[in-house]
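Remarks on the structure that follows.
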Amino acid sequence: MGQNISRRDFSKLLFTGAAGSALGIGAFPLRAGAAASKRVVVVGGGFGGASAAKYLKKLDPSISVTLIEPKAVFYTCPFSNWVLGGLKTMQEIAQKYAVLKNRYKVDVLADTVVSVDGVKSTVRLKSGKVVGYDRLIVSPGIDFNFEAIEGYSRKVAESVMPHAYEAGPQTVLLQKQLHSLKDGGKVIICPPANPFRCPPGPYERASLIAHYLKENKPKSRILILDAKEKFSKQALFTKGWERLYPGMIEWRSASTGGRILNVDSSAMRVTTEFGIEKGDVINLIPPQKAGKIAFDAGLVDSSGWCPVNPVSFESLIQPGIHVIGDACTAGAMPKSGFAASSQGKVTAAAIARLFRGEVPVAPSLVNTCYSLIGPGYGISVAAVYKLTADGIVSIKGAGGLTPMDADDDQLSEEATFARGWYNNIAQDIWG
Ligand SMILES: Cc1cc2nc3c(=O)[nH]c(=O)nc-3n(C[C@H](O)[C@H](O)[C@H](O)COP(=O)(O)OP(=O)(O)OC[C@H]3O[C@@H](n4cnc5c(N)ncnc54)[C@H](O)[C@@H]3O)c2cc1C
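See the structure below:
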């Protein structure tokens, strides 16, 4: 199949499931045909999974939807940096499942999926229960490659050097460490290489920790040791740091001493190619991969992420199983909560169509990421995506970025929009 296929040919390919082959990634045909039984099991009640569960019920209340999620309370990563900055409480980023259960009649099970049998179409839960499905949606988020950095481990993260890249106890630990920091102390933040969850996340974190330090421990400093050469919204962040926190944040790229070789958690030291850095607080965010159950279910390729058909998010490895959110490879879309929710809705619509015996339609996908640099200083990036023979690509001119010359009113408005974005998406998914 050549690269230059027409739009019409490509649509045909998508609907027959052959688009993956056209893209050189292999694909299963989408299995259309009215289904007698309509049971969907969703693994994970985060941004992707909870959106898919709710929208399946909204689209067709006769579909039986079981959502399996071990946490009774889901703390959102979005706005967890605001907690570190003292601008929100953990309570304010806590989401629960009562509305999905009671209003939308999603069967929410507080359990963990330990294995998937793609042949029998069942999942086994930690409790021993086995649940059957006609379609499975897997949205487990990320797992960490702890072993990629010598001296780092899950245990070190849980006790001494939190990554705080899953909101909850990790956020609380990092917050406590910041509260115990002496004035004049040094905070080291180590962002990972791409791809990883929330590309602007570490830099929003540096900004809001700087806000907290400026208010409470103004002699303190932040050093960012980055595994990359550049980062998301870099020029906007750098400008914001110079304006709000002059001299407080230093960023080093991978090639200028940012790359971490190993850590010594007892001495609170990290070694880079350029020498040793000692920190009072060390927030090491390790490299990432798809959540464990995606590996156990055989959904992951050599990249560490799950390849999917971009029309329906059905796995290109296991038919009948859809993978959404951070765990999947979604072309130009970043690993964000907004993207995961957008994919959850697209997948719900695709499955509802498949159950009706119709073929899924090529989706339009969107993403917006707000970042707060200070309480009244926000920035954002937005994009709209379409499917082409190259997969999911960003439509030129359809998105936008906060202008570099935005005035104070615009920046303050962006901060207001960020608050609105959180309230809206939380309400849309769990409310
Ligand atoms: C600091 C930070 C700030 C961020 N800010 C933003 C932001 O402003 N905007 C934005 O759009 N995104 C943001 N993100 C990114 C966003 O949090 C993720 O992209 C999003 O949560 C991905 O959704 P998901 O459904 O893939 O995974 P999650 O939301 O992480 O949900 C996965 C769920 O699956 C459950 N699970 C895992 N394995 C199993 C299993 N075996 N059985 C049952 N359940 C299981 C987990 O308990 C978890 O609840 C931020 C991330 C971070 C770290």
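Residue numbers are given in full-length UniProt numbering: position 239 of the sequence shown equals residue 239, and the series is strictly consecutive.
Where a beta carbon is used, it is the ideal one built from N, C-alpha and C, also for glycine.
{"query": "Sheet register partners of Tyr-245 (DSSP bridge)", "result": "DSSP lists no partner for Tyr-245."}
{"query": "Own chain partners of Leu-401 with C-beta closer than 6 Å, once the 5 adjacent residues on each side are dropped", "result": "Val-381"}
{"query": "As assigned by DSSP and simplified to three states, the class of Arg-353", "result": "helix"}
{"query": "N-terminal and C-terminal residue of the beta strand (DSSP E) that Tyr-55 is part of", "result": "That residue, Tyr-55, is in no beta strand (DSSP E); its alpha helix (DSSP H) goes 47 to 59."}
{"query": "Assigned secondary structure, Pro-307 (DSSP; H/G/I helix, E/B strand, else coil)", "result": "strand"}
{"query": "Buried or exposed (CB count within 10 angstroms, at least 16 for buried), Gly-420", "result": "exposed"}
{"query": "Burial state of Arg-154 (16 or more Cβ within 10 Å)", "result": "exposed"}
{"query": "Beta-carbon separation (whole angstroms), Ile-63 vs Ala-350, contact threshold 8 Å", "result": "Ile-63 to Ala-350, Cβ: 12 Å. No contact."}
{"query": "Contact under 8 Å by Cβ, Thr-329 with Val-311", "result": "no"}
{"query": "Which listed residue (Gly-357, Thr-347, Gly-378) has its alpha carbon closest to that of residue 482", "result": "No statement about residue 482 is possible, as the shown extent of the chain runs from 1 to 431 and does not include it."}
{"query": "Burial state of Lys-176, where buried means 16 or more other Cβ atoms lie within 10 Å", "result": "exposed"}
{"query": "Local Cβ density within 10 Å of Leu-67, reported as buried at 16 or more and exposed below that", "result": "buried"}
{"query": "Buried versus exposed, by CB contacts within 10 Å (16 or more), Thr-89", "result": "exposed"}
{"query": "Sheet register partners of Leu-372 (DSSP bridge)", "result": "Gly-378"}
{"query": "Tyr-165 beta carbon near ligand 1 (any heavy atom closer than 7 Å)", "result": "yes"}
{"query": "Sequence-distant residues of its chain with Cβ nearer than 7 Å to Ala-53 (five each side left out)", "result": "Val-42, Val-65, Leu-67, Leu-100, Val-106"}
{"query": "Own chain residues within Cβ distance below 7 Å of Ala-193, not counting five before or after", "result": "Ala-227, Lys-228, Pro-287"}
{"query": "Residue burial classification, Pro-61 (beta-carbon count within 10 angstroms, cutoff 16)", "result": "exposed"}
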